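Basically this note's numbering = 1-based index in the sequence shown + 549. Backbone N, C-alpha and C define an ideal beta-carbon position, used for all residues, glycine too. On a predicted model such as this, the values are computed, not experimentally measured, just so you know. Here is the structure we will look at, set down as structure tokens.
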Amino acid sequence: MAFYSNYKNVLVDKKDGITTVTLNRPEKRNAMSPDLDEEMLDCILNLEADAETLVVVLTGAGPAWCAGMDLKLYFRELEGDPANAAKHVRTEWATHQWRWHRLYNFPKPTIAMVNGFCFGGAFTQLVACDFAIAANSATFGLSEVNWGVIPGGLVSKAFNAAVNYRDALYYSITGKPFQGPEAVRMGLINESVPDERLHDEVMILARQLASLNPEAVRATKQAIKATREMTIEQAHEYLIAKNGQLSHRDREGGYYQGISKFIDAKAYRPGLEPYPRDKADNV
Ligand code: COA
């Protein structure tokens, strides 16, 4: 039986190496409940080790990507009740694990396919994903100020890491919503596309990522993420060691094969290879 067959809040669909994970509480705009967080943690852990999964796409059912933490189940019922203290600790751990720790460090590429509302706590998994493509109409907002709380968990830190200082302050302090094109301008997402193109554009990127050497992709994303917090000297040492680890792990021998194809066979020029947009119609 598939690991996800008993999930009630998360859908998993696997096709050609691309696994689409859908938060599935559309009636609550995919707000994160304690049960959803437990299922997502289980899901992410399983997908890390799943040989059939080369790329993960994270999206939401219905009109929302994710409306943040469930204000009723989390803030009012769980956080506010001393009788739930142990469950609160467990859930805090699960939500942090899947939305940041496991997702940010996920060994394969991840794409946020932002189909609609993205609010509050959802910014954590948005930034944790390696790529983000949104529908032009998707609405983003750090609405915490309206509830008398700060963008907590890791939201402030993640938002700060993704956008410039002025935008971080402006949008978190005002709580003002913004759409896909503005999210691109501030560097929060890669691309904003017409709503009807969202799925196809994400699949074009996902297929391209799935066709790359998985070990080289894994090491590259680790290199970019890890060196953000390092000094120049630490980064230099780390990158030498990381390259050594990559050539040890890479069973395809991508380094030797790629250079040989370029220098000896003259059969490959990565700098000239067109982006495979022609596949768009076949999605
Ligand atoms: N927590 C709990 N429930 C939520 C929720 C959240 N974060 N976001 C939406 N819901 C629930 C609503 O209470 C409503 O439940 P009901 O049908 O039992 O009344 C249902 O989802 C649909 O929401 P509704 O507001 O009617 O949908 P909409 O499409 O008109 O608006 C939003 C969608 C996302 C703009 C709006 O629901 C909203 O502003 N939600 C709050 C988002 C937020 O501030 N999140 C940050 C939390 S820190």
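Are there three or more Cβ pairs, one per stretch, closer than 8 Å when the region 760 to 774 is compared with the region 723 to 736? With the rule of 3 Cβ pairs closer than 8 Å, the region 760 to 774 does not count as touching the region 723 to 736.
Leaving out the 5 sequence neighbours to the left and right, which residues in its chain are closer than 6 Å to Gly509 when beta-carbon positions are compared? The requested residue 509 is not part of the displayed model; the chain covers only 550 to 832.
#### Entry: Other residues of its chain near Gly670: CB distance less than 7 Å, five sequence neighbours each side excluded
Its chain contains Met581, Gly617, Met618, Gly702, Val704 as the residues whose beta carbon lies nearer than 7 Å to that of Gly670, once the 5 sequence neighbours on both sides are disregarded; these appear in chain order.
Q. Can you give, in chain order, each stretch of the alpha helix (DSSP H) that sits fully within the region 587 to 671 and has at least 4 residues?
A. List check, alpha helix (DSSP H) in window: 634 to 645.
Leu585 and Arg578 closer than 9 Å at C-beta | The Cβ atoms of Leu585 and Arg578 do not sit closer than 9 Å to each other.
Leaving aside the five residues before and after Leu622 along the sequence, list all residues of the same chain whose C-beta is less than 7 Å from its C-beta, in chain order.
Only Ser582, Pro583 meet the Cβ criterion.
Can you tell me the Cα-Cα spacing of Val676 and Phe708, whole angstroms?
If I take the Cα positions, the gap works out to 7 Å.
### Query
Expressed to the nearest angstrom, what Euclidean distance is found between the alpha-carbon atoms of Val638 and Ala816?
Straight through space, the alpha carbons of Ala816 and Val638 are spaced by roughly 56 Å.
Could you pull the DSSP bridge partners for Gln771 from this structure? None; Gln771 has no bridge partner.
Q.
What would DSSP say about Ala684, mapped onto helix, strand or coil?
A. Three-state result, Ala684: strand.
Practice problem: May I have the straight-line CA-CA distance separating Met589 from Ala635, to the nearest angstrom? | Solution: Taking the straight line from one Cα to the other gives about 20 Å.
Whose C-alpha, out of Val570, Ile738, Ile773, is nearest the C-alpha of Asn792? That would be Ile773, whose Cα lies nearest to the Cα of Asn792.
Would you say Met752 touches the ligand COA, meaning its beta carbon is less than 8 Å from a heavy atom?
Closer than 8 Å to some heavy atom of the ligand COA: that does not describe the Cβ of Met752.
Cβ shell of Val766 (< 8 Å), same chain only, five flanking positions each side left out: Cβ neighbours of Val766 beyond the five flanking positions: Lys657, Pro658, Leu758.
Legend entry - Where Val698 falls, given that 16 or more other Cβ within 10 Å makes a residue buried: So Val698 counts as exposed.
*From Glu597, Asn739, Glu801, Ala683, pick the residue whose C-alpha is nearest to that of Ala613; which is it?*
Ranking Glu597, Asn739, Glu801, Ala683 by Cα distance to Ala613 puts Ala683 first.
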